[in-house]
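Q:
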Amino acid sequence: MTTPAPGRDAPSAGEGLGARLLRFLPGRRDFDLEHLRSDLLAGVTVAFVALPLALGFGVTSGAGAAAGVVTAIVAGFVAALFGGSKFQVTGPTGAMTAVLLGIVAQYGPGALPLLGVAAGLILVVLGFLGIGSYIRFVPWPVVTGFTNGIAVIIFLQQLPAVLGVPQVPTESILLLAVRTVRTWSADPGFLPLVLALLTVAVMLAWGRVKALAAVPASMAALVVVSLVSLLPVFGGVARIGALPRSLPLPVLPTLPSGDGWVDLARAALAVAVLAALESLLSAVVADGMTVGEKHDPDRELFGQGLGNIAVGLFGGVPATAALARTAVNVRSGARTRLAAMVHAVALLAIVLFLAPLAARVPLAVLGGVLMVVAVRMVEHHASVLILRSTKSDAFVMLLTLVVTVLFDLILAIEVGLVAAAVLFIVRMSSTFRVDPLDLAGSDERPLMTDDDAAALERVRDRVIALRVEGPIFFGAAERFIDQMLKVDKGIRVVILRLRKVPVLDATGATALKALKERIARRGGELVVSALQPQPRNVLKRMGLYDEVTSHGRLEFASTGEAIAAAVAIASREHANPEPASA
Numbered sequence: 000m001t002t003p004a005p006g007r008d009a010p011s012a013g014e015g016l017g018a019r020l021l022r023f024l025p026g027r028r029d030f031d032l033e034h035l036r037s038d039l040l041a042g043v044t045v046a047f048v049a050l051p052l053a054l055g056f057g058v059t060s061g062a063g064a065a066a067g068v069v070t071a072i073v074a075g076f077v078a079a080l081f082g083g084s085k086f087q088v089t090g091p092t093g094a095m096t097a098v099l100l101g102i103v104a105q106y107g108p109g110a111l112p113l114l115g116v117a118a119g120l121i122l123v124v125l126g127f128l129g130i131g132s133y134i135r136f137v138p139w140p141v142v143t144g145f146t147n148g149i150a151v152i153i154f155l156q157q158l159p160a161v162l163g164v165p166q167v168p169t170e171s172i173l174l175l176a177v178r179t180v181r182t183w184s185a186d187p188g189f190l191p192l193v194l195a196l197l198t199v200a201v202m203l204a205w206g207r208v209k210a211l212a213a214v215p216a217s218m219a220a221l222v223v224v225s226l227v228s229l230l231p232v233f234g235g236v237a238r239i240g241a242l243p244r245s246l247p248l249p250v251l252p253t254l255p256s257g258d259g260w261v262d263l264a265r266a267a268l269a270v271a272v273l274a275a276l277e278s279l280l281s282a283v284v285a286d287g288m289t290v291g292e293k294h295d296p297d298r299e300l301f302g303q304g305l306g307n308i309a310v311g312l313f314g315g316v317p318a319t320a321a322l323a324r325t326a327v328n329v330r331s332g333a334r335t336r337l338a339a340m341v342h343a344v345a346l347l348a349i350v351l352f353l354a355p356l357a358a359r360v361p362l363a364v365l366g367g368v369l370m371v372v373a374v375r376m377v378e379h380h381a382s383v384l385i386l387r388s389t390k391s392d393a394f395v396m397l398l399t400l401v402v403t404v405l406f407d408l409i410l411a412i413e414v415g416l417v418a419a420a421v422l423f424i425v426r427m428s429s430t431f432r433v434d435p436l437d438l439a440g441s442d443e444r445p446l447m448t449d450d451d452a453a454a455l456e457r458v459r460d461r462v463i464a465l466r467v468e469g470p471i472f473f474g475a476a477e478r479f480i481d482q483m484l485k486v487d488k489g490i491r492v493v494i495l496r497l498r499k500v501p502v503l504d505a506t507g508a509t510a511l512k513a514l515k516e517r518i519a520r521r522g523g524e525l526v527v528s529a530l531q532p533q534p535r536n537v538l539k540r541m542g543l544y545d546e547v548t549s550h551g552r553l554e555f556a557s558t559g560e561a562i563a564a565a566v567a568i569a570s571r572e573h574a575n576p577e578p579a580s581a
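This is the structure we're talking about:
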């Protein structure tokens with residue numbers, strides 16, 4: 000996932016702006032007309048899947064169904080053309096809607112176009128800076144908890160439409176759900192609920208019939224239940240309403256005044272981070288569904304940025320890559336980015352010719368479709384595996400899920416990453432060990448000659464060898480020092496075997512220096528064996544290598560050499576004893 004696409008290198012700091020820009024622009028290698036038929040069929044299939052989702056997420060975000068469709072068309076085309084994945088399909092998504100819900104509640108839907116442009120600019124900058132490859136550092140439990148939390152949010156967002164209750168914008172999804180249920184309980188109406196349940200039933204039944212697999216279940220439910228809703232008994236249910244018969248003309252968004260810039264910047268950063276995370280994670284999944292395909296993460300951020308800028312100019316809502324639509328695109332036989340572009344053109348054709356019919360779709364039907372989508376988003380298998388793995392991974396997943404639902408999606412990612420990092424540090428520090436090492440070795444692998452062994456017997460009480468395993472870093476340095484304090488004061492030479500110490504940080508290097516000084520105050524020496532490249536480089540960069548190893552004299556490649564040197568040092572001290580300070 001982190002390697003650039005074939006023939007396209009990641010931008011380097013020494014390149015000019017023009018050279019960098021050329022790396023992100025589409026070229027002939029991005030298209031292959033040999034697969035035109037497969038891409039056309041895949042694109043049309045995805046369009047039928049995307050239509051109900053675009054309508055539903057547009058309504059749920061508070062911007063309206065028309066804004067959702069405009070977003071799917073504009074962002075879908077631009078991001079596919081400039082993005083770094085062959086299969087990515089972009090549009091309004093549940094994760095983004097969950098973020099936009101609070102923004103609309105605070106600033107109104109008129110703030111969304113400007114938010115899209117600002118977030119798009121941030122994504123373009125992130126792409127140019129090469130940030131895309133760092134997505135691999137997001138742990139799997141964080142991603143799973145985040146995805147499951149979004150599924151819960153999407154499901155709860157549909158309650159107003161499913162129960163036929165007017166949606167009042169609020170920043171808390173749980174508060175929205177509670178208010179909706181209370182309002183419905185005071186004056187229950189069952190017609191919208193019947194349509195939603197019928198939609199769910201059609202989707203589930205449709206997917207069980209293999210002969211009907213060519214038509215997406217969501218589109219089939221949308222058409223079938225919408226036709227049922229034309230019966231007189233359903234005359235009063237809320238519907239999408241009039242849709243435009245064409246795309247709106249691009250218009251520059253209204254700029255905020257006063258302190259609005261600060262609020263916009265915060266919201267735009269949150270939207271950009273979410274768009275980056277969801278898009279790159281979706282691209283990783285798409286790569287896994289194919290053979291030998293790798294996306295360019297930095298170019299993907301660039302394409303998502305341009306897509307959001309274009310959406311903002313056309314009055315849509317911020318968009319991101321959609322995992323469900325991307326998966327349908329791959330499974331439908333897409334071979335190039337042309338399929339996602341065809342999906343956008345097909346949606347535009349629907350707007351041009353079928354807008355009056357789409358206007359008759361009940362909101363409850365869209366709610367039923369999105370509830371099924373939400374349930375299917377829950378990663379059951381991944382969640383079970385994580386719960387069975389370690390307590391720390393299970394805790395991180397559940398914590399991320401809870402914070403996602405109760406508070407904020409970006410906060411959930413931050414909390415999840417911090418929790419995962421802290422627990423990883425604890426886990427790594429627990430692997431750190433310091434054990435005594437037999438100076439003579441074993442019969443199978445002796446560490447010294449017979450002559451050295453005889454010399455050792457005379458100074459055995461003055462020499463100790465310790466085998467250190469695991470990274471010596473800030474999480475384990477205190478334990479390392481505690482172990483060293485237990486060394487008997489009569490010991491004059493301490494041998495540290497560091498072959499299994501792959502990592503040393505500044506705290507660990509300082510601990511080695513402190514150990515060297517403590518032994519020196521006793522009049523003794525510290526001998527180091529099998530020092531690995533990374534720890535050696537850290538010591539040299541910090542200027543501590545000469546002090547810890549006595550200018551390299553007491554660093555040895557093998558433990559046997561280190562023991563022989565230690566015996567020699569102890570033997571000289573034994574022959575010429577000097578008083579040592581405590």
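The numbers in numbering that gives the first Met the number 0 rise by one with no breaks, and the one at position 286 of the sequence shown is 285.
By construction, the Cβ of each residue, glycine as well, lies at the ideal position given by its N, Cα and C atoms.
If you're wondering where the values come from, they're calculated on a predicted model, not measured in any experiment.
(1) For Ile568, count neighbouring C-beta atoms within 10 Å of its own C-beta (all shown protein chains included) and say buried if the count is 16 or more, exposed if not.
(2) With the cut-off set at 7 Å, would you say His379 and Val45 are in Cβ contact?
(3) So what's Glu443 in DSSP terms, helix, strand or just coil?
(4) Going by the C-beta, is Arg535 closer than 6 Å to any heavy atom of the ligand PLP?
(5) What first and last residue would you give for the alpha helix (DSSP H) that runs through Glu468?
(6) Compare the Cα-Cα distances from Phe472 to each of Gly489, Arg459 and Ala508 and report the closest residue.
(7) Report back the beta-carbon spacing between Phe86 and Thr325 to the nearest angstrom; my notes put them in contact at under 8 Å.
(8) How long is the line joining the alpha carbons of Asp442 and Ala563, rounded to whole angstroms?
(9) Compute the Euclidean distance between the alpha carbons of Ile152 and Gln533, then round it to the nearest angstrom.
(10) May I have the straight-line CA-CA distance separating Ala176 from Thr506, to the nearest angstrom?
(11) Starting from Leu196 and walking both ways along the alpha helix (DSSP H), at which residues does that stretch end?
(12) Go through its chain and collect everything with a Cβ distance to Thr179's Cβ below 7 Å, but skip five positions before and after it.
(13) Have a look at Pro247, Leu35 and Ala53 and flag the residue whose alpha-carbon is nearest the alpha-carbon of Leu369.
(14) Report the residue ranges of all alpha helix (DSSP H) runs contained in full by the segment 33 to 87; include only those spanning at least 4 residues, in chain order.
(15) Who are the near neighbours of Ala41 in its chain, counting only those whose CB is closer than 7 Å to its CB and skipping five residues on each side?
(16) Check whether the Cβ atoms of Pro112 and Gly314 lie closer than 7 Å to each other.
(17) Can you give the Cα-Cα distance for Ala185 and Leu192, rounded to whole angstroms?
(18) Can you say whether Ser580 is buried or exposed, counting buried as having 16 or more other CB atoms within 10 angstroms of its CB?
(19) Within the continuous beta strand (DSSP E) that includes Lys390, where are the two ends?
(20) I'd like to know whether the C-beta atoms of Ser278 and Val48 end up nearer to each other than 7 Å.
(21) Any idea which residues DSSP pairs Leu503 with across the strands?
(22) Within this structure, are the beta carbons of Leu305 and Gly131 separated by less than 7 Å?
(23) Let me know the secondary structure DSSP gives Val236 once reduced to three states.
(24) Classify Ile435 as helix, strand or coil using the three-state DSSP reduction.
(25) Cα separation between Gly235 and Thr319?
(26) Identify every run of the alpha helix (DSSP H) within the segment 516 to 568, keeping only runs that are complete inside it and at least 4 residues long; order them along the chain.
(27) Got a sec, what are the start and stop residues for the alpha helix (DSSP H) Arg244 sits in?
(28) For Thr319, which three-state DSSP category applies?
(29) Could you check whether the segment 280 to 287 touches the segment 19 to 39, counting it as contact only if at least three pairs of C-beta atoms, one from each stretch, sit closer than 8 Å?
(30) Could you pull out every residue in the same chain whose Cβ sits closer than 6 Å to the Cβ of Gln156, ignoring the five residues on either side in sequence?
(31) Between Val537 and the rest of its own chain, which residues show a CB-CB distance below 6 Å, the 5 nearest in sequence each way excluded?
(32) Can you give the Cα-Cα distance for Leu291 and Gln531, rounded to whole angstroms?
(33) So, is Arg571 buried or exposed, given that buried needs 16 or more other C-beta atoms within 10 angstroms?
A: In terms of the structure at hand:
(1) Of the residues assessed, Ile568 falls on the buried side of the cut-off, its CB having 16 or more other CB atoms within 10 angstroms.
(2) The Cβ-Cβ distance between His379 and Val45 does not fall below 7 Å.
(3) Here Glu443 scores only 48 on pLDDT, less than 50, and its place in the model is too uncertain to base an answer on.
(4) Ligands displayed in this structure: none; no statement on the ligand PLP is therefore possible.
(5) Premise fails: Glu468 lies in the beta strand (DSSP E), Val462 to Glu468, not in any alpha helix (DSSP H).
(6) Comparing Cα-Cα distances from Phe472 to each of Gly489, Arg459 and Ala508, the minimum goes to Ala508.
(7) In this structure Phe86 is in contact with Thr325, their Cβ atoms being roughly 6 Å apart against a cut-off of 8 Å.
(8) Reliability fails at Asp442, whose pLDDT of 48 lies under 50, so the model's placement of it is uncertain and the value that follows must be treated cautiously. Going by the C-alpha atoms only, they are around 18 Å apart.
(9) Straight across, the Cα-Cα distance linking Ile152 with Gln533 is about 45 Å.
(10) Each residue's Cα considered, the two are about 49 Å apart.
(11) Note, Leu196: alpha helix (DSSP H), Leu190 to Arg207.
(12) So the list reads Leu158, Pro159, Leu162 and Val164, once near-sequence residues are dropped.
(13) Closest by alpha carbon: Ala53.
(14) As far as the segment 33 to 87 is concerned, its whole alpha helix (DSSP H) runs of at least 4 residues are 35 to 60 and 64 to 81.
(15) The beta carbon of Ala41 sits closer than 7 Å to those of Asn328, Ser331, Gly332, Ala333 and Ala338, all from its chain and outside the five residues before and after it, given in chain order.
(16) Yes. Within cutoff.
(17) Using only the alpha carbons, I get a separation of about 15 Å.
(18) Residue confidence for Ser580 is low, a pLDDT of 45 falling below 50, so the modelled location carries little weight and cannot support an answer.
(19) Looking at the DSSP string, Lys390 is not in any beta strand (DSSP E); the run it does join, the alpha helix (DSSP H), is Lys390 to Leu405.
(20) It is not a contact, given that the beta carbons lie outside the stated cut-off.
(21) Its beta-bridge partners are Ile471.
(22) Contact check for Leu305 against Gly131 fails: the beta carbons are separated by 7 Å or more.
(23) Val236 falls in the coil class under three-state DSSP.
(24) Looking at the sequence shown, residue 435 is not Ile but Pro. DSSP places Pro435 within a strand segment (E or B) once states are collapsed to three.
(25) Going by the C-alpha atoms only, they are around 34 Å apart.
(26) Listed in chain order, the complete alpha helix (DSSP H) runs (minimum 4 residues) inside the segment 516 to 568 are 532 to 540 and 544 to 548.
(27) Segment: none, Arg244 is in no alpha helix (DSSP H) and carries neither H nor E.
(28) In the three-state scheme derived from DSSP, where H, G and I count as helix and E and B as strand, Thr319 is classed as strand.
(29) By the C-beta criterion, the segment 280 to 287 is judged not to be in contact with the segment 19 to 39, since fewer than 3 inter-stretch pairs fall below 8 Å.
(30) Leaving aside the five residues that flank Gln156 on each side, the residues in its chain whose CB is nearer than 6 Å to its CB run, in chain order, Thr59.
(31) Contacts found: Leu503 and Ala508.
(32) Sequence inspection shows Gly at residue 291; the Leu mentioned does not correspond to that position. Our two residues, Gly291 and Gln531, have alpha carbons roughly 35 Å apart in a direct line.
(33) Burial call: exposed.
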